[in-house]
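All residue numbers for the sequence shown refer to the UniProt record's numbering, where the first residue is 1 and numbers rise by one.
Just so you know, even glycine gets a beta-carbon here, dropped at the ideal spot from N, CA and C.
Values in this document were obtained by computation on a predicted structure and should not be read as measured data.
Reading through the structure tokens given below for one structure.
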Amino acid sequence: MIYWQIFLAFFIPGILGYGGGPSSIPLIENEVVDRYGWFTVNEFSEMLALGNALPGPIATKMAGYIGYQQGGILGSIVAVFATVGPSLILMIAFLGLLMKYKESPKVKWMTIYIRPVIAVLLGIMTYDFFFSSYEGIGIGQTLFIGGLSFVLMEKMKVHPAYVIAGALVYGALVIG
């Protein structure tokens, strides 16, 4: 039964997560935190931070880790397949159709309408992470880490992997 749950937890976000990994993250969070209760919001945010520090697509890294946590090696394989399966199936099935209509105004408008939905989902996830951080370490630490991360990434153009690694070190040495 756990393998079926792992499959569904990643197949559904794989189908609905138009736009790649970042758009799938809130959907995966909903499945593993809210629906199945495998992780808390804090655990999920820590896993996401570690996953972002590693190279490669975030959705497959998260699937591999969560699948392994819940069902061992087979669980990891099931989760990764469920993550890439919808895209793989649709790409094979609709490649000809996509090539025929890729310049269609309707297809372009669909993409324009989906972007705000993805932005709202990412905003909700950010709010959840902020609130969880506020409850865990307090408003001062949360604002310091968030503000410093913003300055480093947006103003100084430091790569996000270095900012995440620095926040992990800061958390381990100062907070933890």
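Environment of residue i [buried if 16+ CB atoms lie within 10 Å]
i: residue 94; result: exposed
i: residue 172; result: exposed
i: residue 102; result: exposed
i: residue 31; result: buried
i: residue 138; result: exposed
i: residue 104; result: exposed
i: residue 114; result: exposed
i: residue 154; result: exposed
i: residue 51; result: buried
i: residue 13; result: buried
i: residue 27; result: buried
i: residue 59; result: buried
Alpha-carbon to alpha-carbon, residue j and residue i
i: residue 124; j: residue 118; result: 10 Å
i: residue 174; j: residue 10; result: 35 Å
i: residue 170; j: residue 149; result: 12 Å
i: residue 74; j: residue 82; result: 12 Å
i: residue 213; j: residue 92; result: No information on residue 213 is available, as it lies outside the stretch 1 to 176 that the chain covers here.
i: residue 131; j: residue 100; result: 46 Å
i: residue 180; j: residue 136; result: Summary: the structure shown does not reach residue 180, with the chain confined to residues 1 through 176, and so no result is reported for it.
i: residue 133; j: residue 42; result: 7 Å
i: residue 84; j: residue 53; result: 21 Å
i: residue 142; j: residue 165; result: 16 Å
i: residue 96; j: residue 156; result: 44 Å
i: residue 158; j: residue 152; result: 5 Å
i: residue 57; j: residue 140; result: 32 Å
i: residue 1; j: residue 121; result: 29 Å
i: residue 144; j: residue 44; result: 21 Å
i: residue 168; j: residue 86; result: 33 Å
i: residue 106; j: residue 128; result: 34 Å
Residue from the options whose Cα sits closest to the Cα of residue i
i: residue 48; options: 61, 107, 38, 13; result: 61
i: residue 66; options: 1, 57, 76; result: 76
i: residue 4; options: 13, 16, 71, 33; result: 71
i: residue 147; options: 163, 132, 1; result: 163
i: residue 88; options: 57, 15, 104; result: 15
i: residue 111; options: 2, 17, 129; result: 17
i: residue 68; options: 35, 79, 160; result: 79
i: residue 46; options: 57, 29, 120; result: 29
i: residue 36; options: 7, 116, 121, 122; result: 7
i: residue 63; options: 40, 34, 25, 145; result: 25
i: residue 55; options: 168, 160, 167; result: 160
Check: residue i C-beta below 6 Å from any heavy atom of the ligand HEM
i: residue 5; result: Of the ligands one can find in the structure shown there are none, so the ligand HEM has no counterpart to examine.
Complete beta strand (DSSP E) runs within the stretch 117 to 163 (minimum length 3 residues, chain order): none
Any alpha helix (DSSP H) of 4 or more consecutive residues that is wholly inside the stretch 17 to 78: 21 to 29, 41 to 53
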